[in-house]
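Written out below as structure tokens is the structure these notes cover.
In this note's numbering, the protein residues as written are 73 to 376.
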């Protein structure tokens, strides 16, 4: 959670609650295909918070207004509802976006992601880029603080699309692909377990204008992006803040939606494009050595 989103949480009155369940990393490192560090940068005021904790705190801030249910049904009866405003905040596979913006179905990037938690001492944030794969680690939210409970590590890996009948086989494939490297990867691969691992693909939404008549998109419904810059939740919070401010400050919904689009459309699409570029660089299958040398050269020009 970066500074811009933290300012939104402060305006919502819940920043302190989020900070209490967050980790505050000191720095983050990018590691190349040869297992050598390319660059290490300060983490600034960034926070690491579990999505479940963030959602819980947001829900607690508006008691009695959020209803979550899940039912399996066989027969449905369509209903028609009239409203002044429809907000599509229903994720990368948004039904609102697909209904109002034809041709905007989510796109599959042809990649497989494995992610989970591991019971190892929490390191600093680190991401290793190989030749067509990446592996990242972050401290579990709260790790490294005396009052925060047990230590542990979040981890994630991205590789060319490859699915097997079981998570255990997916992990075996990951170990065969990236094993035999320096810490922290080998230690991590020895600690991951199938029962704490999720496997899925990566999807993003095509660029669309976030407003059409009295319908507005926000969050992943508007600009679902590759996860490489870690800004998905940040931009969703900023969207919500901008939309609320526009509705409060403007006279009438059409003017408010135009103001919201002016505030957010260019910013959100810039993050979407930046994330796509970062993913393309990280997942290069050939030329990884040249990529790493170029990045080291760029890093050497920075402040010392």
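Virtual Cβ for every residue (Gly too), placed ideally from N, Cα, C.
Assuming residue 166 and residue 306 form a contact by the criterion Cβ under 8 Å, report the distance between their Cβ atoms to the nearest whole angstrom. Actually they are not in contact, since the Cβ atoms of residue 166 and residue 306 sit about 19 Å apart, beyond 8 Å.
For residue 114, which residues of its own chain have a beta-carbon under 6 Å away from its beta-carbon, when the five flanking residues on both sides are left out? 99
So residue 464 and residue 110 are supposed to be a Cβ contact under 8 Å. How far apart are they, rounded? No statement about residue 464 is possible, as the shown extent of the chain runs from 73 to 376 and does not include it.
Contact set for residue 347: own chain, Cβ-Cβ below 6 Å, skip 5 residues either direction: 297, 298, 300 and 301
With burial defined as no fewer than 16 other Cβ atoms inside 10 Å of the residue's Cβ, what is the status of residue 370: buried or exposed? exposed
State the Cα-Cα distance for the pair residue 164 and residue 116, rounded to the nearest angstrom. 29 Å
Can you give the Cα-Cα distance for residue 200 and residue 235, rounded to whole angstroms? 22 Å
Cα separation between residue 315 and residue 189? 35 Å
C-alpha gap between residue 319 and residue 148, whole angstroms: 34 Å
Can residue 185 and residue 228 be called in contact, C-beta distance under 8 Å? yes
In chain order, what residues of the same chain have a beta carbon less than 8 Å from the beta carbon of residue 80, not counting five sequence neighbours either side? 309, 310, 312 and 313
Could you tell me if residue 226 is buried or exposed, where buried requires 16 or more neighbouring beta carbons within 10 angstroms of its beta carbon? buried
I'd like the ranges of any beta strand (DSSP E) spanning at least 3 consecutive residues and lying wholly in the region 247-289. 269-276 and 287-289
Among residues of its own chain, excluding the 5 on either side of residue 97, which ones have a beta-carbon nearer than 8 Å to its beta-carbon? 115, 118, 120, 196, 197, 210 and 211
For residue 216 and residue 161, what's the separation of their Cα atoms in angstroms? With a pLDDT of only 41 at residue 216, under the threshold of 50, the placement of this residue in the model should not be trusted, and no figure is reported.
Terminal residues of the beta strand (DSSP E) in which residue 228 lies: 225-232
Going by DSSP, what residue range makes up the beta strand (DSSP E) through residue 198? 197-201
Can the beta-carbon of residue 239 be found closer than 8 Å to that of residue 271? yes
Since residue 210 sits in a beta bridge, which residues does DSSP pair it with? 226
Which same chain residues end up closer than 7 Å to residue 129 when comparing Cβ atoms and leaving out the 5 residues on each side of it in sequence? 86, 89 and 90
Backbone secondary structure at residue 177 - three-state DSSP: coil
Hey, could you find the ends of the beta strand (DSSP E) residue 114 is sitting in? 109-114
Would the region 329-340 and the region 177-184 be scored as touching if the rule is three or more Cβ pairs under 8 Å? no
Can residue 254 and residue 358 be called in contact, C-beta distance under 8 Å? no
Does residue 345 come out as helix, strand or coil in the three-state DSSP assignment? helix
Give me the residue from 131, 102 and 94 with the minimum Cα distance to residue 84. 131
Residue 158, enclosing beta strand (DSSP E) - first and last residue: 158-160
DSSP state of residue 366, grouped into three classes? helix
What three-state label does DSSP hand residue 360 in the structure shown? helix
Taking buried to mean at least 16 other C-beta atoms within 10 Å of its own C-beta, is residue 361 buried or exposed? exposed
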